[in-house]
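Numbering (the working numbering), first residue to last: 1 to 167.
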(Lines of atoms letter the chains of each structure in order from A and count residues from 1; the text may use other names and numbers.)
(Lines give C-alpha, C1' and ligand atoms only; values in the text may rest on other atoms or scores of the structure.)
Protein backbone atom coordinates (compact mmCIF):
# COMPACT_ATOMS: atom_id res chain seq x y z
CA UNK A 1 0.00 0.00 0.00
CA UNK A 2 2.86 2.40 0.84
CA UNK A 3 4.46 1.73 -2.55
CA UNK A 4 1.14 2.49 -4.26
CA UNK A 5 0.86 5.79 -2.38
CA UNK A 6 4.42 6.74 -3.27
CA UNK A 7 3.88 5.86 -6.93
CA UNK A 8 0.64 7.89 -7.00
CA UNK A 9 2.44 10.87 -5.42
CA UNK A 10 5.38 10.69 -7.81
CA UNK A 11 3.06 10.39 -10.80
CA UNK A 12 1.05 13.46 -9.80
CA UNK A 13 3.77 15.56 -8.12
CA UNK A 14 4.33 17.97 -11.04
CA UNK A 15 0.59 18.41 -11.56
CA UNK A 16 0.10 18.99 -7.83
CA UNK A 17 2.74 21.74 -7.93
CA UNK A 18 0.99 23.31 -10.92
CA UNK A 19 -2.29 23.05 -9.02
CA UNK A 20 -0.97 24.64 -5.80
CA UNK A 21 1.23 27.39 -7.30
CA UNK A 22 -1.59 29.72 -8.45
CA UNK A 23 -3.36 29.34 -5.11
CA UNK A 24 -0.35 30.25 -2.97
CA UNK A 25 1.18 32.59 -5.55
CA UNK A 26 4.68 31.16 -5.44
CA UNK A 27 6.31 27.99 -6.73
CA UNK A 28 8.48 27.64 -3.62
CA UNK A 29 5.44 27.81 -1.32
CA UNK A 30 3.69 25.32 -3.61
CA UNK A 31 6.62 22.94 -3.04
CA UNK A 32 6.12 23.25 0.70
CA UNK A 33 2.39 22.61 0.35
CA UNK A 34 2.90 19.53 -1.81
CA UNK A 35 5.51 18.17 0.61
CA UNK A 36 3.13 18.68 3.54
CA UNK A 37 0.33 17.04 1.55
CA UNK A 38 2.55 14.02 0.91
CA UNK A 39 3.32 13.72 4.62
CA UNK A 40 -0.35 13.80 5.49
CA UNK A 41 -1.33 11.48 2.66
CA UNK A 42 1.38 8.92 3.42
CA UNK A 43 0.57 9.09 7.12
CA UNK A 44 -2.96 7.78 6.61
CA UNK A 45 -3.31 4.34 8.16
CA UNK A 46 -3.81 1.35 5.90
CA UNK A 47 -7.41 0.83 7.06
CA UNK A 48 -8.51 4.26 5.80
CA UNK A 49 -11.12 3.72 3.08
CA UNK A 50 -9.95 6.14 0.39
CA UNK A 51 -11.89 5.35 -2.76
CA UNK A 52 -10.17 7.91 -5.01
CA UNK A 53 -6.63 8.40 -3.70
CA UNK A 54 -5.60 10.87 -6.41
CA UNK A 55 -8.63 13.06 -5.73
CA UNK A 56 -7.94 12.81 -2.02
CA UNK A 57 -4.33 13.93 -2.55
CA UNK A 58 -5.47 16.90 -4.64
CA UNK A 59 -7.98 17.80 -1.91
CA UNK A 60 -5.22 17.79 0.70
CA UNK A 61 -3.08 20.05 -1.51
CA UNK A 62 -5.99 22.41 -2.09
CA UNK A 63 -6.87 22.66 1.60
CA UNK A 64 -3.26 23.22 2.64
CA UNK A 65 -2.78 25.84 -0.09
CA UNK A 66 -5.91 27.70 0.98
CA UNK A 67 -4.84 27.54 4.64
CA UNK A 68 -1.46 28.98 3.74
CA UNK A 69 -3.08 31.73 1.67
CA UNK A 70 -5.39 32.66 4.56
CA UNK A 71 -2.53 32.64 7.04
CA UNK A 72 -0.42 34.83 4.75
CA UNK A 73 -3.32 37.24 4.19
CA UNK A 74 -3.88 37.51 7.93
CA UNK A 75 -0.23 38.30 8.49
CA UNK A 76 -0.40 41.10 5.91
CA UNK A 77 -3.51 42.78 7.24
CA UNK A 78 -1.70 46.02 8.07
CA UNK A 79 0.04 47.47 5.01
CA UNK A 80 3.34 48.98 6.07
CA UNK A 81 3.02 47.27 9.43
CA UNK A 82 6.69 46.37 9.50
CA UNK A 83 7.61 50.03 9.02
CA UNK A 84 5.28 51.00 11.85
CA UNK A 85 6.86 48.42 14.13
CA UNK A 86 10.34 49.69 13.28
CA UNK A 87 9.31 53.20 14.36
CA UNK A 88 7.98 52.10 17.76
CA UNK A 89 10.25 52.75 20.72
CA UNK A 90 12.00 49.77 22.23
CA UNK A 91 10.09 47.98 24.96
CA UNK A 92 13.25 47.32 26.92
CA UNK A 93 13.97 49.68 29.75
CA UNK A 94 16.75 52.23 29.63
CA UNK A 95 19.83 51.53 31.77
CA UNK A 96 18.64 54.21 34.21
CA UNK A 97 15.24 52.56 34.53
CA UNK A 98 16.88 49.13 35.01
CA UNK A 99 18.92 50.51 37.93
CA UNK A 100 15.84 52.17 39.40
CA UNK A 101 13.86 48.91 39.11
CA UNK A 102 16.70 46.99 40.75
CA UNK A 103 16.82 49.51 43.60
CA UNK A 104 13.04 49.22 44.11
CA UNK A 105 13.28 45.42 44.23
CA UNK A 106 16.04 45.61 46.83
CA UNK A 107 13.97 48.06 48.90
CA UNK A 108 10.92 45.77 48.73
CA UNK A 109 13.05 42.77 49.66
CA UNK A 110 14.37 44.60 52.72
CA UNK A 111 10.85 45.75 53.62
CA UNK A 112 9.54 42.18 53.45
CA UNK A 113 12.40 40.97 55.63
CA UNK A 114 11.34 43.50 58.30
CA UNK A 115 7.82 42.06 58.53
CA UNK A 116 6.71 39.48 61.07
CA UNK A 117 6.98 35.94 59.64
CA UNK A 118 3.20 35.35 59.36
CA UNK A 119 2.60 38.70 57.64
CA UNK A 120 5.45 38.13 55.19
CA UNK A 121 4.29 34.58 54.39
CA UNK A 122 0.69 35.71 53.85
CA UNK A 123 1.83 38.48 51.51
CA UNK A 124 4.23 36.26 49.55
CA UNK A 125 1.72 33.45 49.19
CA UNK A 126 -1.08 35.72 48.04
CA UNK A 127 0.67 38.40 45.98
CA UNK A 128 3.65 36.45 44.68
CA UNK A 129 2.48 32.84 44.83
CA UNK A 130 -0.99 33.39 43.41
CA UNK A 131 -2.81 31.74 46.30
CA UNK A 132 -6.30 32.90 47.15
CA UNK A 133 -6.95 34.50 50.51
CA UNK A 134 -8.87 31.37 51.51
CA UNK A 135 -5.95 29.11 50.56
CA UNK A 136 -3.51 31.26 52.54
CA UNK A 137 -5.88 31.25 55.51
CA UNK A 138 -6.09 27.45 55.42
CA UNK A 139 -2.30 27.13 55.17
CA UNK A 140 -1.65 29.54 58.05
CA UNK A 141 -4.55 28.32 60.16
CA UNK A 142 -6.16 31.75 60.48
CA UNK A 143 -9.32 33.45 59.22
CA UNK A 144 -9.64 34.88 55.72
CA UNK A 145 -10.28 38.32 57.22
CA UNK A 146 -6.99 38.15 59.12
CA UNK A 147 -5.11 37.11 55.95
CA UNK A 148 -6.66 40.08 54.15
CA UNK A 149 -5.44 42.38 56.92
CA UNK A 150 -1.95 40.81 56.92
CA UNK A 151 -1.60 41.24 53.14
CA UNK A 152 -2.85 44.81 53.41
CA UNK A 153 -0.37 45.57 56.21
CA UNK A 154 2.52 44.09 54.21
CA UNK A 155 1.57 46.05 51.12
CA UNK A 156 1.28 49.28 53.09
CA UNK A 157 4.69 48.63 54.70
CA UNK A 158 6.31 48.06 51.26
CA UNK A 159 4.71 51.20 49.87
CA UNK A 160 5.90 53.24 52.86
CA UNK A 161 9.45 51.95 52.34
CA UNK A 162 9.34 52.92 48.65
CA UNK A 163 8.20 56.49 49.29
CA UNK A 164 11.05 59.00 49.29
CA UNK A 165 11.89 60.33 52.71
CA UNK A 166 11.22 64.05 53.23
CA UNK A 167 13.95 65.77 55.18
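We put the beta carbon where it would ideally sit given N, CA and C, even for glycine.
Environment of residue i [buried if 16+ CB atoms lie within 10 Å]
{"i": "residue 37", "result": "buried"}
{"i": "residue 34", "result": "buried"}
{"i": "residue 68", "result": "buried"}
{"i": "residue 74", "result": "exposed"}
{"i": "residue 57", "result": "buried"}
{"i": "residue 99", "result": "exposed"}
beta-carbon residue i near the ligand ADP non-hydrogen atom, thresh 8 angstroms
{"i": "residue 59", "result": "In the structure shown, the ligand ADP is absent, as is every other ligand, since no ligand is present at all."}
Residue i versus residue j - alpha carbon distance
{"i": "residue 61", "j": "residue 45", "result": "18 angstroms"}
{"i": "residue 116", "j": "residue 122", "result": "10 angstroms"}
{"i": "residue 19", "j": "residue 3", "result": "23 angstroms"}
{"i": "residue 29", "j": "residue 48", "result": "28 angstroms"}
{"i": "residue 5", "j": "residue 12", "result": "11 angstroms"}
Host alpha helix (DSSP H) of residue i (start-end)
{"i": "residue 132", "result": "Counting along the chain, residue 132 falls outside any alpha helix (DSSP H), and DSSP gives it neither H nor E."}
{"i": "residue 127", "result": "From DSSP, residue 127 is part of no alpha helix (DSSP H); its letter is neither H nor E."}
{"i": "residue 39", "result": "27 to 42"}
| query | Does the stretch 95 to 107 touch the stretch 136 to 151, meaning 3 or more C-beta pairs lie closer than 8 angstroms? | reply | Short answer: they don't touch.
| Where in the stretch 136 to 165 do unbroken runs of the alpha helix (DSSP H), each at least 4 residues long, occur, reported from the N-terminal end onward? | Runs of the alpha helix (DSSP H) inside the stretch 136 to 165: 144 to 162.
| request: Decide yes or no for the touch test of the stretch 100 to 112 against the stretch 148 to 166: beta carbon pairs closer than 8 angstroms, at least 3 of them. | output: Verdict: yes, contact present.
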